[in-house]
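Protein chains: 2
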Amino acid sequence: MSDKNQKNQYSNPPTMHDVAHVAGVSQMTVSRVMRGTGYVSNDVLKRVQDAARSIGYVHNRLAGGMSKYDNPLIGVVVPSLQNRVFTEVLSGISDTLNNNNLRPVFGVSEYSLEREEEIVFDLLSWRPRGLILAGLEHTDGLRRIIEQTGVKTAEIMDVDGSAIAASFGISQKAAGEQMAKHLLNKGYKKFAYIAWLDERAKKRFDAFKAYIENHGGVISQTRISQKLLSMKEGRELTADILSGSDKPEVIYYANDDLAAGGLMHCIAEGLKVPDDIALAGFNGLSFLEALPVQITTTKTPRYDIGVEAANWISDKNSEQWNNHIHQFDIELIEGGTT
Amino acid sequence: MSDKNQKNQYSNPPTMHDVAHVAGVSQMTVSRVMRGTGYVSNDVLKRVQDAARSIGYVHNRLAGGMSKYDNPLIGVVVPSLQNRVFTEVLSGISDTLNNNNLRPVFGVSEYSLEREEEIVFDLLSWRPRGLILAGLEHTDGLRRIIEQTGVKTAEIMDVDGSAIAASFGISQKAAGEQMAKHLLNKGYKKFAYIAWLDERAKKRFDAFKAYIENHGGVISQTRISQKLLSMKEGRELTADILSGSDKPEVIYYANDDLAAGGLMHCIAEGLKVPDDIALAGFNGLSFLEALPVQITTTKTPRYDIGVEAANWISDKNSEQWNNHIHQFDIELIEGGTT
DNA sequence: AAAATATATGTTTGCGTAAACATATGTCAA
DNA sequence: TTGACATATGTTTACGCAAACATATATTTT
Chain A
36 MSDKNQKNQY
46 SNPPTMHDVA
56 HVAGVSQMTV
66 SRVMRGTGYV
76 SNDVLKRVQD
86 AARSIGYVHN
96 RLAGGMSKYD
106 NPLIGVVVPS
116 LQNRVFTEVL
126 SGISDTLNNN
136 NLRPVFGVSE
146 YSLEREEEIV
156 FDLLSWRPRG
166 LILAGLEHTD
176 GLRRIIEQTG
186 VKTAEIMDVD
196 GSAIAASFGI
206 SQKAAGEQMA
216 KHLLNKGYKK
226 FAYIAWLDER
236 AKKRFDAFKA
246 YIENHGGVIS
256 QTRISQKLLS
266 MKEGRELTAD
276 ILSGSDKPEV
286 IYYANDDLAA
296 GGLMHCIAEG
306 LKVPDDIALA
316 GFNGLSFLEA
326 LPVQITTTKT
336 PRYDIGVEAA
346 NWISDKNSEQ
356 WNNHIHQFDI
366 ELIEGGTT
Chain B
36 MSDKNQKNQY
46 SNPPTMHDVA
56 HVAGVSQMTV
66 SRVMRGTGYV
76 SNDVLKRVQD
86 AARSIGYVHN
96 RLAGGMSKYD
106 NPLIGVVVPS
116 LQNRVFTEVL
126 SGISDTLNNN
136 NLRPVFGVSE
146 YSLEREEEIV
156 FDLLSWRPRG
166 LILAGLEHTD
176 GLRRIIEQTG
186 VKTAEIMDVD
196 GSAIAASFGI
206 SQKAAGEQMA
216 KHLLNKGYKK
226 FAYIAWLDER
236 AKKRFDAFKA
246 YIENHGGVIS
256 QTRISQKLLS
266 MKEGRELTAD
276 ILSGSDKPEV
286 IYYANDDLAA
296 GGLMHCIAEG
306 LKVPDDIALA
316 GFNGLSFLEA
326 LPVQITTTKT
336 PRYDIGVEAA
346 NWISDKNSEQ
356 WNNHIHQFDI
366 ELIEGGTT
């Protein structure tokens, strides 16, 4: 007699039929209770809930919604979990989906479009109600399968390009131009740039560079790495740039971590920011406020982008919003000593 | 003639039968191709793949694995996505699950055990193969449902306590003691502590405090906040502590962000670290390396914890490892100027 | 008091797949 | 030449649930 795993006489794991039997109702009534739809009397409601609890029944969502792309699941693919920007967007997405009783299923593309396509293909096997992708650049195969399956898809971070259905983000182009304009107005003419190969950073810099060069400025040095950079590399590359004889007046960084690293170099070397050298970052991460010197940066509404995208995906009546572009405002934060 | 027999015009969305018809094979053969199991000739393999692509078929995992808790899905619940520690663990989990062809389904508990239970209940409705939870503290209801369903569960971050099946993390107690010992050896006697109400930080501090007080030291001030703290609050609370007359020799922080905030205060005020005031953090986040002064901290293998937990969950033959505790080594990093 | 409506529950059926089993052909050693 | 085994494919069936529809009982309206 191996009743070791046997919780009771019912099937293991228990099904709605088992619950129905215990509660003395039909399986369909149990289904109604579990989903909270249709008419159920208070008496039956309680009996079913008690029965379910007593035999350890857990609702099985795989069985019912087998055919349609309409499960309370949202596929989410981001390039990386190591980058604060994406985890903040994710946080907004996660919170919002929670409020709408949806679960995110995640994938990380590692900044590879091919990987992204693979992951999306895999995620679609769960017939999710929607999909959230980063950026507007995707493989043809990915676009095709999205069109064929008709999954509702939101693209986040970037709005400079054409969306599959809806995009939520900022104009990278506008951000680059705005920063260029601001720094030129401050009287700076000679710039350096530190970044890594990122699609959105590139869009930003292209706009930045064009504006600078069209208005009498010059970008005298650039350091563009193939691999992901963080604060530490920001410090090193800044040291590298400032060690030469051709010193810039400003260094523009692809993100705040790099810029903060640059600031650390300046502090360690006793350089005054922005008098000896001005620094500009991107994102407006909150930790900047804790630094001894406020770095100039562009504040982006990362959490809100996640919230809005998730809300759009959750909204059953938003199909008509197709080809919708939700461009978020950015704010240039001026540097200075705090 | 019922139109059921006339599946010549393919259903929308397409099914394995549709693919089978196009490829001229049986549905079962398509199933074998999709899952890459059993025997399939190269000729058929290619025909099926082409057929699937041509009609835009996407594998449907909801249909087959309807009954068992054995879907290629892992439920993951973390307290927060705003805390770098968890996103790094998540990163390890995500990478490893990817390698094992498993997908994470996420939930965020917001440091609430009740919320955690709700989320787990919801995640189980997808019949995941496994579950990864943070910490060893859970509600009774959660423990019960895990036992009843028999889902393989890994608990991460902490090993000071008893695990449901397996735990992967560090000994918070040992970390607190190690730091206490180190600082006492350095000759410090008077300590302050800055933290927020976190289960694991509390375990650490309890051990830290006990050791300090049993060895002639004193904790003269503490600042314990109810809400999440970051670098900025670290700076403010440090200013607060140092503004009084009863100045400590060392401040121990619950994490590196707080400690870095403290360092920023010292830099802004021209205080020498560690001569005027010593600072100790926890985690060993990589950004510390970029700071002008290396803060003393405890380095924890966050990514690796995620990797190992995910590996254990992925391993079909790891059931026998029940009641397995995987305690990771920690490393005390001494501060100093870099 | 009959009809209309709201509320509450049950019955039948099919969703798309994979397990279990059945069948067929090819290959190789004795 | 036999049969043992590897390879390749097909058939039947059950999985657990929810949609569609049917029925039954209360409650309200006319």
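If you read the protein sequences in the order shown, they are chains A and B. Number 212 in our numbering belongs to position 177 of the first sequence; there are no gaps in the numbering. Number 65 in our numbering belongs to position 30 of the second sequence; there are no gaps in the numbering. Beta carbons: idealized from backbone N, C-alpha and C, even for Gly.
Given residue i, which residues of its chain have a CB within under 6 Å of its CB, disregarding the five upstream and five downstream residues?
{"i": "A400 of chain A", "result": "Chain A is shown only over 36 to 373; residue 400 of chain A falls outside these bounds and no answer can be derived."}
{"i": "T373 of chain A", "result": "Per-residue confidence for T373 of chain A stands at a pLDDT of 43, beneath the threshold of 50, marking its modelled position as unreliable; no derived number is given."}
{"i": "R162 of chain B", "result": "Y104, N106"}
{"i": "N40 of chain A", "result": "Residue placement at N40 of chain A cannot be trusted, given a pLDDT of 34 that sits under 50; what the coordinates show is reported in the next sentence. Excluding residues within five positions, none has a Cβ falling inside 6 Å."}
{"i": "V65 of chain A", "result": "M51, V54, A55, V83"}
{"i": "A345 of chain B", "result": "I128, T131, L132"}
{"i": "S202 of chain A", "result": "E190, V194, I360"}
{"i": "A274 of chain B", "result": "H300"}
How should residue i be labelled, buried or exposed, when 16 other C-beta atoms within 10 angstroms of its C-beta is the threshold for buried?
{"i": "G251 of chain A", "result": "exposed"}
{"i": "N358 of chain A", "result": "exposed"}
{"i": "K334 of chain A", "result": "buried"}
{"i": "G305 of chain B", "result": "exposed"}
{"i": "R178 of chain B", "result": "exposed"}
{"i": "Q256 of chain B", "result": "buried"}
{"i": "D292 of chain B", "result": "buried"}
{"i": "Q213 of chain B", "result": "buried"}
{"i": "D311 of chain A", "result": "exposed"}
{"i": "H56 of chain B", "result": "buried"}
{"i": "R70 of chain B", "result": "exposed"}
{"i": "E149 of chain A", "result": "exposed"}
{"i": "M266 of chain A", "result": "buried"}
{"i": "D233 of chain A", "result": "buried"}
{"i": "S206 of chain B", "result": "buried"}
{"i": "N290 of chain B", "result": "buried"}
{"i": "E123 of chain B", "result": "buried"}
Near residue i, which residues of its chain fall below 7 Å by C-beta distance, leaving aside the five closest residues on each side in sequence?
{"i": "V308 of chain A", "result": "L298, C301, L314, V328"}
{"i": "L326 of chain A", "result": "A295, L298"}
{"i": "L80 of chain A", "result": "V68"}
Give the residues of chain A in contact with residue i, contact being defined as C-beta atoms less than 7 Å apart.
{"i": "E324 of chain B", "result": "K267"}
{"i": "H94 of chain B", "result": "S160"}
{"i": "R270 of chain B", "result": "A325"}
Going along chain A, which residues have a C-beta under 9 Å from residue i?
{"i": "G177 of chain B", "result": "It should be pointed out that residue 177 of chain B corresponds to Leu in this sequence rather than to Gly. Going along chain A, no residue has its Cβ under 9 Å from L177 of chain B, so there is no contact; the nearest lies around 12 Å."}
{"i": "P48 of chain B", "result": "S102, K103, Y104, R162, Q183, T184, G185"}
{"i": "S129 of chain B", "result": "L116, F141, G142, V143"}
For a contact meaning CB atoms closer than 7 Å, what does residue i contact in chain B?
{"i": "A303 of chain A", "result": "P327"}
{"i": "I286 of chain A", "result": "The contacting residues do not exist; I286 of chain A stays about 15 Å from chain B at best."}
{"i": "I205 of chain A", "result": "The premise fails here: I205 of chain A is roughly 21 Å from chain B at the closest Cβ pair, so nothing lies under 7 Å."}
{"i": "T122 of chain A", "result": "L116, T122"}
{"i": "A98 of chain A", "result": "M101"}
{"i": "G296 of chain A", "result": "A325"}
Write down the C-beta distance between residue i and residue j rounded to the nearest angstrom, noting that I regard them as a contact closer than 8 Å.
{"i": "K238 of chain B", "j": "I254 of chain B", "result": "Their Cβ separation, rounded to whole angstroms, is 16 Å, which puts K238 of chain B and I254 of chain B out of contact at 8 Å."}
{"i": "F363 of chain B", "j": "G165 of chain B", "result": "20 Å between Cβ atoms; not a contact."}
{"i": "S160 of chain B", "j": "E151 of chain B", "result": "Actually they are not in contact, since the Cβ atoms of S160 of chain B and E151 of chain B sit about 15 Å apart, beyond 8 Å."}
{"i": "K224 of chain B", "j": "E172 of chain B", "result": "Actually they are not in contact, since the Cβ atoms of K224 of chain B and E172 of chain B sit about 33 Å apart, beyond 8 Å."}
{"i": "I191 of chain A", "j": "I340 of chain A", "result": "6 Å"}
{"i": "G316 of chain B", "j": "Y288 of chain B", "result": "5 Å"}
{"i": "D175 of chain A", "j": "R235 of chain A", "result": "D175 of chain A to R235 of chain A, Cβ: 21 Å. No contact."}
{"i": "V120 of chain B", "j": "N318 of chain B", "result": "6 Å"}
Spatial neighbours of residue i within its chain, please: CB distance less than 8 Å, with the 5 preceding and 5 following residues excluded, ordered by chain position.
{"i": "L263 of chain A", "result": "S115, Q117, N118, W231"}
{"i": "K208 of chain B", "result": "D195, K238, R239, D241, A242"}
{"i": "V140 of chain A", "result": "L108, I109, G110, V111, L158, W161, P163"}
{"i": "A227 of chain A", "result": "I254, S255, Q256, T257, R258, I276, P283, V285, I286, Y287"}
What residues of chain A sit near residue i, judged by a beta carbon separation below 8 Å?
{"i": "F156 of chain B", "result": "V93"}
{"i": "G319 of chain B", "result": "Going along chain A, no residue has its Cβ under 8 Å from G319 of chain B, so there is no contact; the nearest lies around 13 Å."}
Residues of chain B with CB under 8 Å from residue i, in chain order?
{"i": "E299 of chain A", "result": "Note on identity: in this sequence residue 299 of chain A is Met, with Glu being the wrong assignment. Near M299 of chain A (Cβ distances below 8 Å), the residues of chain B are A325, L326, P327."}
{"i": "G71 of chain A", "result": "Ordered by position in chain B, no residue passes the 8 Å Cβ test against G71 of chain A, which lies about 13 Å from the chain."}
{"i": "I180 of chain A", "result": "G91, V93"}
{"i": "P139 of chain A", "result": "V140, F141"}
{"i": "L125 of chain A", "result": "L116"}
Quiz item: When the Cβ atoms of the stretch 146 to 158 of chain A are set against those of the stretch 124 to 134 of chain A, are three or more pairs found closer than 8 Å?
Solution: no
Quiz item: Would you call the stretch 105 to 116 of chain A and the stretch 195 to 205 of chain B touching, i.e. three or more CB-CB distances under 8 Å?
Solution: no
Practice problem: Would you check if the stretch 209 to 223 of chain A and the stretch 265 to 280 of chain A touch, i.e. whether three or more CB-CB distances between them fall below 8 Å? | Solution: no
Self-check item: the stretch 86 to 98 of chain B in contact with the stretch 92 to 102 of chain A per 3-pair CB rule at 8 Å
Solution: yes
Quiz item: Do the stretch 166 to 173 of chain B and the stretch 181 to 189 of chain B meet, that is, are 3 or more Cβ pairs less than 8 Å apart?
Solution: yes
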